[in-house]
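Residue numbers (the numbering used here): 61 to 172. Heads up, the beta-carbon is just placed ideally off N, CA and C, and yes, glycines get one too.
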């Protein structure tokens with residue numbers, strides 16, 4: 061068994077999620093010698109890659125109505141917790157069409 065497969069099995073506690081799901085990613089941020097955990101709550105637009113280099117894109121609408129997208133490595137040691145708040149029912153794997161939507165429409169995904 062390769063090192064890559066061992067790391068994937070070791071980090072197997074990550075809950076299953078797909079595109080369209082609303083998730084909350086608790087990400088560890090290091091500033092100097094201080095550590096803090098910052099939650100990032102949004103909709104999963106896509107999952108890509110394979111093996112240890114798998115990533116997923118999360119998009120949220122901030123308080124000013126500005127959209128923020130962030131790409132997270134799935135097997136990052138900085139992800140402390142990943143919780144699925146809502147499962148979405150979508151018909152495609154990549155939800156890039158949400159980028160053109162404004163306001164409430166940008167967060168509208170049917171619940172599974």
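task: Keeping to the same chain, check which residues put their C-beta closer than 6 Å to that of residue 102; ignore five residues upstream and five downstream.
output: On the chain shown, position 42 is the one that residue 102 refers to. For residue 102, where only same-chain residues beyond five positions count, the Cβ hits under 6 Å are 118, 119 and 120.
message: Going by beta-carbon coordinates alone, are residue 134 and residue 115 separated by less than 8 Å?
response: Locating residue 134 in the chain shown gives position 74, counting from the first residue. Locating residue 115 in the chain shown gives position 55, counting from the first residue. Between residue 134 and residue 115, the gap from beta carbon to beta carbon is short of 8 Å.
message: Are the CB atoms of residue 155 and residue 80 within a distance shorter than 8 Å?
response: As a working mapping, residue 80 is identified with position 20 in the chain shown. As a working mapping, residue 155 is identified with position 95 in the chain shown. The answer is yes: Cβ separation under 8 Å.
message: On a Cα-Cα basis, can you pick out the residue from 159, 104, 138 and 107 that is closest to residue 98?
response: As a working mapping, residue 98 is identified with position 38 in the chain shown. For residue 98, the closest alpha carbon among the candidates 159, 104, 138 and 107 is that of 138.
query: Where do the ends of the beta strand (DSSP E) carrying residue 127 lie?
result: Taking the first residue of the chain shown as 1, we reach residue 127 at position 67. Where residue 127 is concerned, the enclosing beta strand (DSSP E) starts and stops at 127–133.
message: Buried or exposed for residue 128, going by 16 or more other Cβ atoms inside 10 Å?
response: If you number the chain shown from 1, residue 128 lands on position 68. Burial call: exposed.
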